[in-house]
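Engineer:
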Amino acid sequence: MKSTKKEMTALDTPIAVGEGQSYKKRSSESIPDWNSEVKSFGESLDDWDREMLQISNPGYLKTVSMTELYETVYISKLPLIDGLLNTGTYLFVGAPKLGKSFLMEQLAYHISTETPLWGYQVRKGTVLYLALEDDYRRLQKRLYRMVGADGSDNLFFSVDANKLGDGLDEQLARFMREHPDTNLIIIDTLQKVREVGGDSYSYANDYQIIARLKSFADANGICLLLVHHTRKQNADDKFDMISGTNGLLGAADGAFLLTKEKRTSNTAVLEVSGRDQQDMKLHLVRNAKPACRSHF
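Reading the sequence shown from the start, the letters are residues 2 to 297 in my numbering.
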């Protein structure tokens, strides 16, 4: 699809966004004082021991003062797609058989090849796409329709993965070790990796599932995109149509919602809402022409 129109709301710019750590300047003398160095090292060990004892105390609450917060230097992570997709954990939701997987393949290809998407600048990285409701033949067919014979060495697929708590964590961690330049992992669908016994749709359970995946994404500084379905009931707020409880969206960094007025229509609306980006609405049109990199 191509983007024909977009609407967006203003976003307040925070003082600092991203991860980082504070640092202290350390002066050095031209002639080091060995005794002072040893004493300083011993004092550092004592401070470390005291901090460990504090942390091990069940009543300990780590706090940061406003002054310390302002003095901390945070390193911002660049978005994968300027103005559209950031690092973090996002839901990509829509009704079944609406074209979500087709759009996921397009997104994965564009990022793995640094090809602009709908006029947005893209940053190149390795992409892992867990297409757990597809097979390799179908993936090949869709890709060939979109981009022709041009391949990408930075785009990897799997149609079979373990569940959360049963090996998925280790599989993703190993892939990250083997491909440290990875910036996007797509899981299609979230339901396919829910841990055994995790089908009870309580707020706490839904929140915990996303929080667990978010911890992995944040620790590795990547974007984790989770494909999910909407429920049949309409809602005043369309994001309330996400299947499950509000715990899913509550724990995620944001969500993409794909809708169509008619299933057979060649137009769709993609709404975006997130913590660190503008809310927007993109109007997409399916392009019948094959092998066109800038259209879906």
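Built from N, CA and C at the ideal position, the CB exists for glycine as well.
Less than 7 angstroms between the CB of M177 and some heavy atom of the ligand FAD, yes or no?
Structural biologist: In the structure on display, the ligand FAD does not appear, and there are no ligands present to speak of.
Engineer: Pull up the DSSP beta-bridge partners for K233, would you.
Structural biologist: Paired residues: none, contrary to the question.
Engineer: Would a C-beta distance cut-off of 8 angstroms place A269 and T260 closer than the cut-off?
Structural biologist: Their beta carbons are under 8 angstroms apart, which means A269 touches T260 by this criterion.
Engineer: For E262, I'd like the list of residues in its chain whose CB is within less than 8 angstroms of its CB, leaving aside the five on either flank, ordered along the chain.
Structural biologist: Answer for E262: T268, listed in chain order.
Engineer: Under 8 angstroms between the Cβ atoms of Y110 and L156?
Structural biologist: Yes. Within cutoff.
Engineer: What do you get for G152, buried or exposed, if any count of 16 or more other CB atoms within 10 angstroms of its CB means buried?
Structural biologist: Looking at its Cβ environment, which holds fewer than 16 other Cβ atoms inside 10 Å, G152 is exposed.
Engineer: What whole-angstrom Cβ distance do L258 and G95 have, given they're in contact under 8 angstroms?
Structural biologist: Yes, L258 and G95 are in contact; Cβ-Cβ is about 7 angstroms, under 8 angstroms.
Engineer: Between which two residues does the beta strand (DSSP E) harbouring F158 extend?
Structural biologist: Residues L156 to S159.
Engineer: For the alpha helix (DSSP H) containing N221, name the first residue and the last one.
Structural biologist: Counting along the chain, the alpha helix (DSSP H) containing N221 begins and ends at Y204 to N221.
Engineer: Three Cβ pairs or more, each shorter than 8 angstroms: is that satisfied between the region 70–85 and the region 111–123?
Structural biologist: Judged by Cβ distances under 8 angstroms, the region 70–85 makes contact with the region 111–123, as three or more pairs qualify.
Engineer: Check K282 in the structure and name its three-state DSSP category.
Structural biologist: Strand, per DSSP.
Engineer: My output table needs one value for S57: the three-state DSSP class, helix, strand or coil.
Structural biologist: S57 falls in the helix class under three-state DSSP.
Engineer: For the region 203–218 and the region 121–131, state whether three or more C-beta atom pairs, one from each stretch, are separated by less than 8 angstroms.
Structural biologist: No, the region 203–218 does not touch the region 121–131.
Engineer: By the DSSP assignment, the alpha helix (DSSP H) with T68 in it spans what residues?
Structural biologist: Segment M67 to E72, the alpha helix (DSSP H) holding T68.
Engineer: Pop quiz: P97 and H230 are said to be a contact at Cβ under 8 angstroms. What is the actual Cβ separation, rounded to whole angstroms?
Structural biologist: With 8 angstroms as the limit, P97 and H230 qualify as a contact, their Cβ atoms being about 6 angstroms apart.
Engineer: Pick out the complete beta strand (DSSP E) segments inside the region 105–135, 3 residues or longer, and give them in chain order.
Structural biologist: Segments of the beta strand (DSSP E) lying fully in the region 105–135: 127–132.
Engineer: Rank T246, V65, R175 and Q192 by C-alpha distance to the C-alpha of F217 and give the top, closest one.
Structural biologist: Ranking T246, V65, R175 and Q192 by Cα distance to F217 puts R175 first.
Engineer: Buried or exposed: which applies to G245, given that a residue is buried once 16 or more other Cβ atoms fall within 10 Å of its Cβ?
Structural biologist: Per the 10 Å Cβ criterion, buried.
Engineer: Please determine, among I188, H284, D219 and G248, the residue with the shortest C-alpha to C-alpha distance to N206.
Structural biologist: If we check each option's Cα against that of N206, G248 comes out closest.
Engineer: Quick check: the region 129–136 against the region 181–188, are there 3 or more CB pairs under 8 angstroms?
Structural biologist: With a cut-off of 8 angstroms, the region 181–188 and the region 129–136 count as touching, because enough Cβ pairs lie within range.
Engineer: By a C-beta neighbour count over all protein chains shown, 10 Å radius and 16 as the cutoff for buried, is V65 buried or exposed?
Structural biologist: It is exposed - the Cβ of V65 has fewer than 16 other Cβ atoms within 10 Å.
Engineer: Which value, in whole angstroms, describes the spacing of the CA atoms of E52 and M281?
Structural biologist: Roughly 45 angstroms between the two C-alpha positions.
Engineer: Looking at the unbroken alpha helix (DSSP H) that takes in D170, where does it start and where does it end?
Structural biologist: Segment L169 to E179, the alpha helix (DSSP H) holding D170.
Engineer: Looking at the strands, I want to know which residues DSSP matches up with V270.
Structural biologist: In the DSSP output, where bridge partners are listed per residue, V270 has T260 and H284.
Engineer: In this structure, what does DSSP give as the bridge partners for L92?
Structural biologist: L227 and A256.
Engineer: Ordered along the chain, which non-local residues of its own chain (more than five positions away) have a Cβ less than 8 angstroms from that of T183?
Structural biologist: Counting only Cβ-Cβ distances below 8 angstroms, and skipping sequence neighbours, we find G126, T127, V128, L129, F176, M177, N221 and I223.
Engineer: Take the Cβ of Y137 as the centre, count every other Cβ of all protein chains shown within 10 Å, and call the residue buried at 16 or more, exposed below.
Structural biologist: By the 10 Å Cβ count, Y137 comes out exposed.
Engineer: Can you give me the C-alpha to C-alpha distance between D154 and S113, rounded to a whole angstrom?
Structural biologist: Cα to Cα, the separation comes out at about 8 angstroms.
Engineer: Less than 8 angstroms separating the beta-carbons of R264 and L81?
Structural biologist: Against a cut-off of 8 angstroms, the Cβ pair of L81 and R264 comes out as no contact.
Engineer: If you draw a straight line from the alpha carbon of I56 to that of V194, how long is it in whole angstroms?
Structural biologist: Those two C-alpha atoms are separated by around 34 angstroms.
Engineer: For K101, count the other beta carbons within 10 Å of its own beta carbon; 16 or more makes it buried, fewer makes it exposed. Which is it?
Structural biologist: Buried.
Engineer: Using the Cα positions of Y61 and D241, report the straight-line distance between them to the nearest angstrom.
Structural biologist: Cα-Cα distance, rounded: 37 angstroms.
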